[in-house]
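**Student:**
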Amino acid sequence: MARYQDAQGRWLLEKVVRDVVVVAVIGLLLSAFWPFRQVPTGSRGVLTQFGAIRGIENEGLAVVMPWQRLALFSIRAEQAQIDNADGSTSDQQPVKVSLTVRYSIITDRVAEVYEKYSHDGDLSSYVQTATQEVFKAVTAKYNAPDLIAKRSQVSADINAALKQKLAVYGAQVINIDMRNFAFSPDYMAAINEKVTQEQLRLAAENKVKTVEAEQKQKVAVAEAEANALKAKADGEAYATIKAANAQADALRVQNEALAKSKEVLELRRIEVERVKAERWDGKLPEAIYAGTPIPFFTPAAKSE
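Counting in the numbering used here, the sequence shown runs from 37 upward without gaps.
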């Protein structure tokens, strides 16, 4: 501070003004000729010298000479809105659709796009025009019913054609959002009527199928019941036959046993008679009634 005051402590305004002017000039020079620039993320720096492109700077720090300029160029995803793009089907049905196209600049073609089409990476006007042309060309390949039924294929065709179209401008398609097709009111009414009739037809077919299924189920139940009754009758008949066979076999075995054991039976009878004789005291009963058995006396049968 002393250099700006005299011996008596008064301010030397000339020196103050001079130094302020010098500092301001130096600041302006540094600001004008500062060589360091920053290229933000999602951008490229187009370095020009007297209007001619001298290079493309990537994201980060860039050194720019005082005689050069650095223009920031966006390579981020951009979108173009196309409302009511119109076309005509192969069967001469007018159709409209709204689309949103998302795109970005191909990074190695930034210099070409900057020079020919855009200084900031905005190609929405080119994209809108290209999309209109592509939509007309694609819809002309389909008739109206196929345009609705094959929506995914139509979208794929538009995407492929638009990629080729935008490649001319150094851009690439990210994705396309396509809203509903809009036909003329008369045609839409006809489509709705056709859809209604088709739904009624399918409902009738389903009802017929339901009735047929119910009839088949009833037939199957009846057959199952009949088979069950037959099986039950067969089982009972089989059981009866088996029981009769078993009874016959039992009788046969008994007869065979009796036939083989006649001598045994006779021996048992003799033994019984012997026991009776041993127990008899030799006295005859005093009173004999009709039918009363007399030991060791068997009346002879009366001859005719």
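The beta carbon of each residue, even a glycine, is placed where N, CA and C say it ideally should be.
1) Taking DSSP as the reference, what is the three-state secondary structure of residue 272?
2) For residue 130, write down the residues that DSSP places opposite it in a beta bridge.
3) Per DSSP, residue 141 forms a beta bridge with which residues?
4) May I ask you to report which of helix, strand or coil DSSP gives residue 72?
5) Can you give me the Cβ contacts of residue 215 inside the same chain, cut-off strictly under 6 Å, excluding the 5 residues immediately before and after it?
6) With residue 118 and residue 137 assumed to form a contact (beta carbons below 8 Å), what rounded beta-carbon distance in angstroms separates them?
7) Opposite residue 213 in the DSSP bridges: which residues?
8) Does residue 339 pass the burial test, meaning 16 or more other C-beta atoms within 10 Å, or should it be called exposed?
9) Helix, strand or coil for residue 341 per DSSP?
10) Buried or exposed: which applies to residue 190, given that a residue is buried once 16 or more other Cβ atoms fall within 10 Å of its Cβ?
11) Measuring only the C-alpha atoms, how far is residue 288 from residue 263?
12) Please return the same chain residues whose Cβ sits closer than 6 Å to the Cβ of residue 186, not counting the five positions on each side in sequence.
**Tutor:** If we stick to the structure as given:
1) Numbered from 1 along the sequence shown, position 236 holds the residue referred to as residue 272. DSSP places residue 272 in helix when its eight states are reduced to three.
2) Here residue 130 is taken as the residue at index 94 of the sequence shown, counted from 1. DSSP lists 124 as partners of residue 130.
3) The sequence position of residue 141 within the sequence shown is 105, counting from 1. Its beta-bridge partners are 207.
4) Here residue 72 corresponds to residue number 36 of the sequence shown, with the count starting at 1. In the structure shown, residue 72 sits in a strand (DSSP, three-state: E or B).
5) Stepping through the sequence shown from its first residue, residue 215 is reached at position 179. Same-chain partners within the cutoff: 134.
6) Reading the sequence shown from its first residue, position 82 is the one you call residue 118. Reading the sequence shown from its first residue, position 101 is the one you call residue 137. Right, their Cβ atoms sit about 7 Å apart.
7) Start at 1 with the first residue of the sequence shown, and residue 213 comes out as number 177. In DSSP, residue 213 forms a bridge with 136.
8) In the sequence shown, residue 339 corresponds to position 303, counting from 1. Residue confidence is low: residue 339 scores 47 on pLDDT, short of 50, so the model does not pin down where it sits. No coordinate-derived value is stated.
9) Outside the modelled stretch of the chain, which goes from 37 to 340, sits residue 341, for which no answer is possible.
10) Translated into the one-based positions of the sequence shown, residue 190 becomes position 154. Residue 190 is buried by the Cβ-count criterion.
11) On the sequence shown, position 252 is the one that residue 288 refers to. On the sequence shown, position 227 is the one that residue 263 refers to. Distance between the alpha carbons of residue 288 and residue 263: 37 Å.
12) If you number the sequence shown from 1, residue 186 lands on position 150. Result list for residue 186: empty, nothing under 6 Å.
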